[in-house]
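Asks:
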Amino acid sequence: MYSHYSTYFTQLLNHDSALREGWNFDNSIFPTTTVNFGPNAVCFDHLDYANAAAGWCAITSTGDYNPTRGGHLILFDIGMMIQFPPGSTILIPSSVMRHGNTPIQPGETRAGITQYAAGGLFRWVDNGFMKAECTSDAVKARMAAEAPERFINLLSLFSTLDSLVADRKATFKL
1151 MYSHYSTYFT QLLNHDSALR EGWNFDNSIF PTTTVNFGPN AVCFDHLDYA
1201 NAAAGWCAIT STGDYNPTRG GHLILFDIGM MIQFPPGSTI LIPSSVMRHG
1251 NTPIQPGETR AGITQYAAGG LFRWVDNGFM KAECTSDAVK ARMAAEAPER
1301 FINLLSLFST LDSLVADRKA TFKL
């Protein structure tokens, strides 16, 4: 997945270098960051529809709260509730996995930082750096022809437990 992001965003920045000025962080693969300054950041059951469907969203929790009593991350689709202490980061496919978090206790504080990539950035590159409705008939035909395989190709970007070490070595040339 990292290589996929890197390939697309290199193309995007090569096409329009002015985008670099508004880019997230130089050492992050994610082009976008959102900060919820709290002081009591709670997100209810939701999906991040605009995020890349085949992509990670990095969620970091900060603040001063007791993680055994609140601030748990809930992954509704798989029925999990995870203790999520301040300073923790998790990667989830936030556009396709419903998620939220539990309230914290009175007098505690919680903020959140998310890093992600909008699906529209990938489509922009795929469409030759233009909106889909502005593309040529040839590009529209190519995108339509690729649609049946797109799901499988995008799903294959996610590492499995068996491939994680090899994927990391290949991506970072270790």
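In the numbering used here, the protein residues as written are 1151 to 1324. Heads up, the beta-carbon is just placed ideally off N, CA and C, and yes, glycines get one too.
1) Taking C-alpha atoms, which residue in A1268, A1261, P1256, S1153 lies nearest to P1243?
2) Does DSSP classify H1249 as helix, strand or coil?
3) Looking only at its chain, what residues have a beta carbon closer than 8 Å to the beta carbon of P1235, apart from the 5 residues adjacent to it on each side?
4) So who's on the other strand from R1260, going by DSSP bridges?
5) If you draw a straight line from the alpha carbon of M1230 to that of W1206, how long is it in whole angstroms?
6) Strictly by DSSP, which residues pair up with A1168?
7) Check the DSSP bridge columns for M1230 and list the partner residues they point to.
8) May I ask you to report which of helix, strand or coil DSSP gives I1240?
9) Please classify L1314 as buried or exposed, where buried requires at least 16 neighbouring CB atoms within 10 angstroms.
Replies: Looking at the atomic coordinates:
1) The shortest Cα separation from P1243 among A1268, A1261, P1256, S1153 belongs to A1268.
2) DSSP places H1249 in strand when its eight states are reduced to three.
3) Around P1235: S1211, P1217, G1221.
4) Under DSSP, R1260 shares a beta bridge with N1190, G1213.
5) Near 18 Å, if we compare the C-alpha coordinates of W1206 and M1230.
6) Beta-bridge pairing links A1168 to no other residue.
7) In DSSP, M1230 forms a bridge with L1225.
8) Here I1240 sits in strand by DSSP.
9) Using a 10 angstroms sphere on the CB of L1314, the tally of other CB atoms stays under 16, which defines it as exposed.
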